[in-house]
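Reading through the structure tokens given below for one structure.
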Amino acid sequence: MLDRPANELFAERKHRVANAVALCETGRVPFIFFSLFWPAKLAGITFEEAMHDPDKLDDAYGQAVRLLQPDGFAAMQMIISTGRAMEVLDYKQIKWPGTGTEDDVDSYCKNLIEKVGKGGGFILDGSIGTPDEAKVENVLAMAQSVHKYAN
Numbered sequence: 010m011l012d013r014p015a016n017e018l019f020a021e022r023k024h025r026v027a028n029a030v031a032l033c034e035t036g037r038v039p040f041i042f043f044s045l046f047w048p049a050k051l052a053g054i055t056f057e058e059a060m061h062d063p064d065k066l067d068d069a070y071g072q073a074v075r076l077l078q079p080d081g082f083a084a085m086q087m088i089i090s091t092g093r094a095m096e097v098l099d100y101k102q103i104k105w106p107g108t109g110t111e112d113d114v115d116s117y118c119k120n121l122i123e124k125v126g127k128g129g130g131f132i133l134d135g136s137i138g139t140p141d142e143a144k145v146e147n148v149l150a151m152a153q154s155v156h157k158y159a160n
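Put into structure tokens, the structure is as follows:
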């Protein structure tokens, strides 16, 4: 990928994307790299490391870009490597349900259902973002909490 000057590589990719937008035939479909945690998995670092060590995450994204050679890149590291800030804010989504005990998850879900779900209209669903490292028993505790506390 880096066998030519960066300005040549950029011009080639910019031309490919512009042609695709103009519905002209291109040598390949332009690929814009947009990923959250996949580069961490590729580099063999944990999601927690990705969130708390921006240098490791940058290295992971570098590996992914060198491997995939995309035409564009969305710098998602700025969103991912916010672990310390999120801890200060006590942002629960980072910590749950991947860590803690079944009782922690049950208690957290009970609070969500009783406070956020008061009056109906709240859907407790982990299918959109259950982390890979979530403990099976914690995910099960979340699912069971719906039957336990919802009306």
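Residue numbers (the working numbering): 10 to 160.
A virtual CB, placed ideally from N, CA and C, is assigned to each residue, including glycine.
F19 - DSSP class collapsed to helix/strand/coil:
Shown here, F19 sits in a helix according to DSSP, grouped into three states.
If I measure Cβ to Cβ from Q72 and keep anything under 8 Å in the same chain, skipping five residues before and after, which residues do I get?
Only P48, L51 and A52 meet the Cβ criterion.
With distance defined between alpha-carbon atoms, name the residue in A27, L66, H156 and P14 nearest to D80.
Distances from the CA of D80 to each of A27, L66, H156 and P14 were compared; the closest alpha carbon is that of A27.
Mapping DSSP to helix, strand and coil, what is F40?
In the structure shown, F40 sits in coil (DSSP, three-state: anything other than H, G, I, E or B).
Nearest by alpha-carbon distance to D112: which of L98, E146 and Q86 is it?
Considering only alpha carbons, the answer is E146.
V97 to P14, Cα distance in whole Å?
Going by the C-alpha atoms only, they are around 42 Å apart.
Per DSSP, F82 forms a beta bridge with which residues?
In the DSSP output, where bridge partners are listed per residue, F82 has F42.
Cut-off 8 Å between Cβ atoms - residues of its own chain near P39, not counting five sequence neighbours on either side
The beta carbon of P39 sits closer than 8 Å to those of R22, R25, V26, A29, D80 and G81, all from its chain and outside the five residues before and after it, given in chain order.
Under the three-state reduction of DSSP, which class applies to F56: helix, strand or coil?
F56: helix per DSSP, three-state reduction.
By Cβ distance, which residues of its chain are closer than 6 Å to C118, with the 5 residues on each side in sequence left out?
Result list for C118: M151 and S154, in chain order.
Out of curiosity, what's the CA-to-CA distance linking H156 and L133?
The straight-line gap separating the alpha-carbon atoms of H156 and L133 is approximately 11 Å.
Can you tell me the Cα-Cα spacing of G135 and L32, whole angstroms?
So the two alpha carbons sit approximately 39 Å from each other.
6 Å Cβ shell around K65 - same chain, five flanking residues per side excluded:
If we look at K65 and ignore the five residues flanking it on each side, its Cβ neighbours are I54 and E58.
If you count every other CB in all the chains shown that lies within 10 Å of the CB of F43, and 16 or more means buried, which is it?
It counts as exposed.
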